[in-house]
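Residues 25 to 471 in the UniProt record's numbering are what the sequence shown lists, from first letter to last.
Ideal Cβ positions, reconstructed from N, Cα and C, are used throughout, including at glycine.
Notes for the one structure printed next.
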Amino acid sequence: VQYYLNNIQTKAHLNAFVEVYEQSALAQADLVDQKLAKGNAGKLAGMVIGIKDVLCYAGHEANASSKILKGFESQFTTTAIQRLLDEDAIIIGRLNCDEFGMGSSNENSAHGKVLNAADENRVPGGSSGGSAVAVQANLCTVSLGTDTGGSVRQPAAFTGVIGMKPTYSRVSRWGLIAYASSFDCIGIFSQTVKDNALVMEIMAGHDEYDSTSSRKSVVPYSELLHFGKKAKVAYLKETLESPALQPEIKANTLAVLEKLKAEGHTVEEVDFPLLDYILPTYYILTTAESSSNLSRFDGVKYGYRTPNAHNLESMYKLTRSEGFGEEVKRRIMIGTFVLSASYHDAYFTKAQQVRRLIKDFTENLLNDFDYIIMPTTPTTAFKFGEHSGDPVAMYLEDLYTVQASVSGVPAISLPNGKDAQGMPIGLQVICNSFKEADLYAFSNYLT
Ligand code: GLN
Numbered sequence: 025v026q027y028y029l030n031n032i033q034t035k036a037h038l039n040a041f042v043e044v045y046e047q048s049a050l051a052q053a054d055l056v057d058q059k060l061a062k063g064n065a066g067k068l069a070g071m072v073i074g075i076k077d078v079l080c081y082a083g084h085e086a087n088a089s090s091k092i093l094k095g096f097e098s099q100f101t102t103t104a105i106q107r108l109l110d111e112d113a114i115i116i117g118r119l120n121c122d123e124f125g126m127g128s129s130n131e132n133s134a135h136g137k138v139l140n141a142a143d144e145n146r147v148p149g150g151s152s153g154g155s156a157v158a159v160q161a162n163l164c165t166v167s168l169g170t171d172t173g174g175s176v177r178q179p180a181a182f183t184g185v186i187g188m189k190p191t192y193s194r195v196s197r198w199g200l201i202a203y204a205s206s207f208d209c210i211g212i213f214s215q216t217v218k219d220n221a222l223v224m225e226i227m228a229g230h231d232e233y234d235s236t237s238s239r240k241s242v243v244p245y246s247e248l249l250h251f252g253k254k255a256k257v258a259y260l261k262e263t264l265e266s267p268a269l270q271p272e273i274k275a276n277t278l279a280v281l282e283k284l285k286a287e288g289h290t291v292e293e294v295d296f297p298l299l300d301y302i303l304p305t306y307y308i309l310t311t312a313e314s315s316s317n318l319s320r321f322d323g324v325k326y327g328y329r330t331p332n333a334h335n336l337e338s339m340y341k342l343t344r345s346e347g348f349g350e351e352v353k354r355r356i357m358i359g360t361f362v363l364s365a366s367y368h369d370a371y372f373t374k375a376q377q378v379r380r381l382i383k384d385f386t387e388n389l390l391n392d393f394d395y396i397i398m399p400t401t402p403t404t405a406f407k408f409g410e411h412s413g414d415p416v417a418m419y420l421e422d423l424y425t426v427q428a429s430v431s432g433v434p435a436i437s438l439p440n441g442k443d444a445q446g447m448p449i450g451l452q453v454i455c456n457s458f459k460e461a462d463l464y465a466f467s468n469y470l471t
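In structure tokens form, the structure reads like this:
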């Protein structure tokens with residue numbers, strides 16, 4: 025703990041941590057020491073973990089990096105975090121992110137931007153930018169993020185670490201401040217596959233507080249990391265032909281596919297005619313869900329309340345106008361529009377239908393193949409401000425991550441070399457629902 029506290033201090037300018045739990049982390053460390061001496065410590069004894077600022081932790085503030093939650097302190101602890109604490113992990117602090125998880129560069133945070141430790145003029149990715157940089161810069165062993173459309177995998181790719189999004193429903197969402205409830209997943213950043221697998225096997229599993237959490241049993245992923253078979257791998261033609269794809273990322277992805285072939289695995293190209301529809305589907309459905317989820321922040325129950333109100337209605341309006349950032353307001357407006365009576369069928373219902381097509385295509389493909397491989401992102405980490413005036417250019421950064429989110433299947437981003445500027449490149453591996461054990465084993469083989 026002391027080692028990480030020192031690193032956090034020397035690298036404070038990266039702005040990864042919003043709050044460091046120095047005293048409680050040191051106290052927890054003492055307790056774990058005593059348990060270790062007695063021989064009754066848990067499976068994560070002493071593992072130092074940082075948590076994204078959208079996860080509630082009793083007695084601590086949680087802001088979702090929004091002014092509207094300033095001063096909000098949770099009365100309960102996220103189930104996933106409680107399970108880590110029960111195994112004697114040490115929670116060292118809370119990590120910066122895009123406001124309510126909305127963004128791909130961590131530039132939409134009320135706590136300010138996070139710097140990429142590989143090049144401080146570049147973004148760390150988002151929305152879990154602080155969680156990615158915390159692992160990249162050695163400020164904790166493992167961190168928790170959330171992935172609604174890529175917010176663990178994309179920043180992992182931009183910072184050169186491992187980022188895992190499990191199957192939707194594999195990890196309880198109880199305690200996670202909702203962005204888009206039918207997409208949100210708690211995910212993990214780590215330097216090694218083994219750490220990632222170990223933390224996942226502890227967080228995963230049914231939770232009576234989240235009725236959508238799966239009752240399927242959880243296997244010990246970290247003990248099943250040996251990969252001893254021949255894999256059947258698909259890659260989607262359109263993903264590698266996209267004009268948005270940076271040539272070095274394409275080259276490094278093809279190099280992995282060639283290497284797999286040379287090692288005797290089956291690698292086949294598959295057509296994916298739905299690629300163009302994925303981003304619109306994702307952004308219609310997530311804005312719709314978020315406009316509904318964020319209606320609870322009204323100045324009455326949580327956090328910030330405007331001091332400028334003169335009646336109840338102006339209290340609601342001014343609190344929300346002053347409390348939410350620009351991107352969040354944009355999404356609430358888009359979401360309200362696509363759910364409005366005259367446009368519901370044209371947008372929301374249509375997007376639900378397309379979601380089903382994408383999900384069916386992906387699951388069917390994953391019945392025929394063990395894995396789909398593609399780049400995690402079309403580009404490596406870009407410079408601050410490069411996309412901030414252009415929301416659509418920012419949304420395009422999510423081109424490859426949203427398929428797994430729309431389909432609910434697990435996906436991982438693994439480091440796959442660097443570009444000419446020395447910026448990390450990510451490789452994404454996707455497999456069918458609840459096959460986390462296979463995904464971790466193959467990832468272990470690839471890294
Ligand atoms: N960048 C995507 C968005 O802004 C993904 C965010 C996320 O996964 N939380 O919606």
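Under 7 Å: does the beta carbon of residue i sit that close to some heavy atom of ligand 1?
{"i": "Met339", "result": "no"}
{"i": "Gly127", "result": "yes"}
{"i": "Thr170", "result": "yes"}
{"i": "Thr310", "result": "yes"}
{"i": "Ser241", "result": "no"}
{"i": "Gly150", "result": "yes"}
{"i": "Gly359", "result": "no"}
{"i": "Tyr424", "result": "no"}
{"i": "Gly288", "result": "no"}
{"i": "Ser90", "result": "no"}
{"i": "Tyr192", "result": "no"}
{"i": "Tyr203", "result": "yes"}
{"i": "Ser238", "result": "no"}
{"i": "Ser167", "result": "no"}
{"i": "Ser175", "result": "yes"}
Which class does residue i belong to by DSSP, given the choice of helix, strand or coil?
{"i": "Glu43", "result": "strand"}
{"i": "Arg329", "result": "coil"}
{"i": "Met188", "result": "strand"}
{"i": "Arg197", "result": "coil"}
{"i": "Asp122", "result": "coil"}
{"i": "Thr34", "result": "helix"}
{"i": "Ala141", "result": "coil"}
{"i": "Met227", "result": "helix"}
{"i": "Pro304", "result": "helix"}
{"i": "Met398", "result": "strand"}
{"i": "Gln106", "result": "helix"}
{"i": "Asn440", "result": "strand"}
{"i": "Lys274", "result": "helix"}
{"i": "Ala365", "result": "coil"}
{"i": "Leu423", "result": "coil"}
{"i": "Pro434", "result": "coil"}
Can you have a look at residue i and say buried or exposed, based on whether 16 or more other CB atoms are within 10 angstroms of its CB?
{"i": "residue 557", "result": "Nothing can be reported for residue 557, as the shown portion of the chain is limited to 25 through 471."}
{"i": "Asp219", "result": "buried"}
{"i": "Val89", "result": "It is worth fixing the name first, because residue 89 is Ser in this sequence and not Val. Ser89 is buried by the Cβ-count criterion."}
{"i": "Asp462", "result": "buried"}
{"i": "Leu278", "result": "exposed"}
{"i": "Gln377", "result": "exposed"}
{"i": "Arg107", "result": "buried"}
{"i": "Asn440", "result": "buried"}
{"i": "Gln427", "result": "buried"}
{"i": "Glu225", "result": "buried"}
{"i": "Val280", "result": "buried"}
{"i": "Met357", "result": "exposed"}
{"i": "Asp414", "result": "exposed"}
So residue i and residue j are supposed to be a Cβ contact under 8 Å. How far apart are they, rounded?
{"i": "Asn130", "j": "Val147", "result": "6 Å"}
{"i": "Leu423", "j": "Ala268", "result": "6 Å"}
{"i": "Leu298", "j": "Phe385", "result": "6 Å"}
{"i": "Val25", "j": "Ala49", "result": "5 Å"}
{"i": "Gly347", "j": "Gly95", "result": "Actually they do not touch by this definition, with Cβ atoms about 11 Å apart."}
{"i": "Ile186", "j": "Ile436", "result": "7 Å"}
{"i": "Gly174", "j": "Glu351", "result": "In fact, because the Cβ distance is near 15 Å, the residues do not count as touching under 8 Å."}
{"i": "Phe458", "j": "Lys325", "result": "The pair is not a contact, with the Cβ atoms about 36 Å apart (cut-off 8 Å)."}
{"i": "Val416", "j": "Ile382", "result": "With a Cβ gap of about 20 Å, Val416 and Ile382 do not count as contacting."}
{"i": "Tyr28", "j": "Ile115", "result": "About 12 Å; that fails the 8 Å criterion."}
{"i": "Val217", "j": "Asn468", "result": "5 Å"}
{"i": "Ala255", "j": "Leu284", "result": "7 Å"}
{"i": "Tyr464", "j": "Leu249", "result": "6 Å"}
{"i": "Cys164", "j": "Val72", "result": "5 Å"}
Does the distance between the C-beta of residue i and the nearest non-hydrogen atom of ligand 3 fall short of 7 Å?
{"i": "Ser155", "result": "Looking for ligand 3 in the displayed structure turns up nothing; the ligands present are ligand 1."}
(request) Pair every Cβ in the stretch 331–342 with every Cβ in the stretch 382–402, then say whether three or more of these pairs are closer than 8 Å. (result) no
(request) Inspect the CB distances between the stretch 96–103 and the stretch 196–214 and report whether three or more fall short of 8 Å. (result) yes
(request) Would you check if the stretch 127–143 and the stretch 69–89 touch, i.e. whether three or more CB-CB distances between them fall below 8 Å? (result) yes
(message) I want to know whether the stretch 185–195 touches the stretch 38–54 - three or more CB-CB distances under 8 Å.
(response) no
(request) Mind the definition here: the stretch 161–181 touches the stretch 450–460 only if three or more C-beta pairs lie below 8 Å; say whether that holds. (result) yes
(request) Decide yes or no for the touch test of the stretch 259–274 against the stretch 283–294: beta carbon pairs closer than 8 Å, at least 3 of them. (result) yes
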